[in-house]
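Asks: For reference, the structure I am asking about is given below.
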Amino acid sequence: MEARFAGGPITVGEGHATYDVATKLVTVDGPGWETALFPHEARALAAALTTVADDVEKRADRLRRRPEVDDHLRELDD
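What follows is the structure in structure tokens.
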């Protein structure tokens with residue numbers, strides 16, 4: 009996925025532990041960093057990202073002015 013403020017793409021994939029190929033991991037690579045998570049950690053991260061993204065969108069919707077306010081402000085400028 010392209011992540012504008014991360015400086016480039018973030019790639020999520022499959023990997024394994026260096027000490028044991030049977031231990032499967034989820035890899036996350038971004039510009040200048042990388043990490044590996046156990047599957048349960050990756051699911052917890054995904055859930056946390058989804059929850060916070062939902063909260064941010066709801067908050068942004070509440071803070072956005074209604075379109076008619078902008079129309080009224082333009083009328084006042086004329």
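Quick note on the numbering used here: the sequence shown kicks off at 9 and runs consecutively. For glycine and all other residues, C-beta sits at the position ideal for the given N, C-alpha and C.
Kindly indicate which residue of L53, D86 and G40 has the alpha-carbon position closest to the one of G15.
Replies: G40
Asks: What is the residue span of the beta strand (DSSP E) that G23 lies within?
Replies: T19 to A25
Asks: Using CA coordinates, which residue listed in A44, R12, P17 and A11 is at the minimum distance from G23?
Replies: A44
Asks: So V34 and P47 are in contact, right, with Cβ under 8 Å, and what is the actual spacing, rounded?
Replies: The beta-carbon distance between V34 and P47, rounded to whole angstroms, is 6 Å. This is short enough to meet the 8 Å contact definition.
Asks: DSSP three-state label for D37, please.
Replies: Three-state DSSP puts D37 in a strand.
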